[in-house]
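Asker: Let me begin by handing over the structure; questions about it come next.
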Amino acid sequence: MGFWAIHVDSMLWSIGLGILFVWLFRVAAKKATTGVPGGLQNFVEIMVEFVDRSVKETFHGRSPLIAPLALTIFCWIFLMNLMDLVPVDFIPRLAQIIAGDDHFYFKVVPTTDVNVTLGMSLSVFFLIIFYSIKVKGVGGFLGELTLHPFSSKNFVVQALLIPVNLILEGVSLLARPVSLALRLFGNLYAGELIFILIALLPLWAQWTLSVPWAIFHILIITLQAFIFMMLTIVYMSMAHEDNH
């Protein structure tokens, strides 16, 4: 398919779930009341307070972007992960019937596509670079990469340590988007594979194993969304620090 191929299934579900997230929060905002809140307003307020508290405890700078970014990441990834709890053959089989092709392939869980997780993590990575340069300047950003963790007051020794520091800090910087993407992808892809393996078992074994695994998987999909959000906040906090 080539490097520039677009994974239509992943794009469809990720954009659709993103629109669903925006629509739900918009409906809650329009119907918000100071009286007795409804169920949706309660849920949205809990989510906003939870993310706001996480940002205040972790992010030590000042930026109007971080809280909305964290809320979007958590809710959007949670909704994408949540599709993993839909029976693995239900939506794909429905798509096959509509397409009239028994071999029609339809991917339902966007976060089991490494292209989606890498796209999200690279977006966070570009924000890290942007704010690092904006807050510290080009010199400060390059100084972080070349003058830490090893330093010396001797100019000659310091010059010799620059390549070592650049390798260490460069690897650490580049590992952030890769680890963000692969952690989310690996956990969700493994969970989907287990659901598929369970679906291949006899019917009595499916009911015995699928329900406990689905209950456990609720924890996984929530935890992975939380981890992605928290690491994003931590990385953005580090990008806003100018102590050095």
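Quick note: the sequence shown uses the working numbering, first residue 3, plus one each step. Heads up, the beta-carbon is just placed ideally off N, CA and C, and yes, glycines get one too.
If you follow the alpha helix (DSSP H) that residue 119 is in, where does it begin and where does it stop?
Answerer: 116 to 148
Asker: What would DSSP say about residue 16, mapped onto helix, strand or coil?
Answerer: helix
Asker: Do the stretch 195 to 202 and the stretch 140 to 154 touch if we need at least three Cβ pairs shorter than 8 angstroms?
Answerer: No: the two stretches stay apart, fewer than three of their Cβ pairs being nearer than 8 angstroms.
Asker: Compute the Euclidean distance between the alpha carbons of residue 14 and residue 136, then round it to the nearest angstrom.
Answerer: 34 angstroms
Asker: Evaluate residue 146 with the Cβ neighbour count: other Cβ atoms within 10 Å of its Cβ, from every protein chain shown; 16 or more gives buried, anything less gives exposed.
Answerer: buried
Asker: Mind checking residue 102: buried by the 16 CB within 10 Å criterion, or exposed?
Answerer: exposed
Asker: Does DSSP put residue 194 in a helix, a strand or coil?
Answerer: The answer is helix: DSSP assigns residue 194 an H, G or I state.
Asker: Of the residues 127, 169, 108, 218, which one's Cα is nearest the Cα of residue 230?
Answerer: Ranked by Cα distance from residue 230, the first of 127, 169, 108, 218 is 127.
Asker: Does DSSP put residue 47 in a helix, a strand or coil?
Answerer: helix
Asker: Who are the Cβ neighbours of residue 91 in its own chain at under 8 angstroms, not counting the five residues just before and after it?
Answerer: 201
Asker: Give the single residue among 190, 240, 242 whose Cα lies nearest to the Cα of residue 222.
Answerer: 190
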